[in-house]
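Take a look at the structure below.
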Amino acid sequence: MIKVTIKETGAKETLSIVDPRSNVDFVSDFIGNHGAFIDGQFTYDEDSDMFAADQDTYDWWAKVTTDHQALEDRIAELEEEHGKDRVQAVVHGASDCDLEDMASAVNGALDEEFGNE
Numbered sequence: 528m529i530k531v532t533i534k535e536t537g538a539k540e541t542l543s544i545v546d547p548r549s550n551v552d553f554v555s556d557f558i559g560n561h562g563a564f565i566d567g568q569f570t571y572d573e574d575s576d577m578f579a580a581d582q583d584t585y586d587w588w589a590k591v592t593t594d595h596q597a598l599e600d601r602i603a604e605l606e607e608e609h610g611k612d613r614v615q616a617v618v619h620g621a622s623d624c625d626l627e628d629m630a631s632a633v634n635g636a637l638d639e640e641f642g643n644e
C-alpha cells in the first residue's frame, strides 16, 4: 500500500493491489513499473513518509488500481478452476494495450474464453 496526500486538498488516501494468491501488496511495483514515481506523477516526502499527487493523478491511479485488483481476483479464481497456463495464455494475449484499458481488455478476453464467471 502506498499513502498519498492530495496536493490540492491535503486529503490522505491510499492505493493498493494485493495478489490474492500470496497476499502481497504490489502496488508500489505496479505504479513504479509504469514510471509514475520518476515522471512527476507522485513525489515522495520523507518527513511524512507519503507520496503527493494532484487530484486528477490520484483519481486516475485509483481507478486503474481498483480495476486491476478486481482483475487479479478474477484471474486467481479462474486459474483455480481452469488451470494457470490456460488462463495466463488468455491474459497475455489481451494485455498489449494502454494501462487504463488493460483490465477491460483482459476481462473481455476472459469472458470470451470462459464466459462471464
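Numbering (our numbering), first residue to last: 528 to 644. C-beta atoms are modelled at their ideal positions from N, C-alpha and C, and glycine is treated no differently.
**Prompt:** What is the DSSP secondary structure of residue 528, reduced to helix, strand or coil?
**Reply:** coil
**Prompt:** Who are residue 578's beta bridge partners in DSSP?
**Reply:** Paired residue(s): 531, 571.
**Asked** Out of curiosity, what's the CA-to-CA distance linking residue 583 and residue 609?
**Response** 38 Å
**Message:** Tell me which residues share the same chain as residue 494 and place their Cβ nearer than 7 Å to its Cβ, disregarding the 5 neighbours each side in the sequence.
**Reply:** Residue 494 lies beyond the range of the chain shown here (528 to 644); nothing can be said about it.
**Message:** Under DSSP, the alpha helix (DSSP H) around residue 565 begins and ends at which residues?
**Reply:** Looking at the DSSP string, residue 565 is not in any alpha helix (DSSP H), and its letter there is neither H nor E.
**Request:** Could you pull the start and end residues of the alpha helix (DSSP H) that residue 633 belongs to?
**Result:** Boundaries of the alpha helix (DSSP H) around residue 633: 626-641.
**Asked** Considering only the beta carbon of each residue, do residue 579 and residue 531 sit closer than 9 Å?
**Response** A contact, by the Cβ cut-off of 9 Å.
**Prompt:** Any idea what DSSP makes of residue 552, helix, strand or coil?
**Reply:** Strand, per DSSP.
**Cβ pair residue 605, residue 637 closer than 9 Å** = It is a contact, given that the beta carbons lie within the stated cut-off.
**Request:** Could you check what DSSP says for residue 584 in three-state terms: helix, strand or coil?
**Result:** helix
**Message:** If I measure Cβ to Cβ from residue 617 and keep anything under 7 Å in the same chain, skipping five residues before and after, which residues do I get?
**Reply:** 636, 637, 640
**Asked** When the Cα of residue 591 is compared with those of 628, 559, 643, 537, which residue comes out closest?
**Response** Comparing Cα positions, the closest option is 628.
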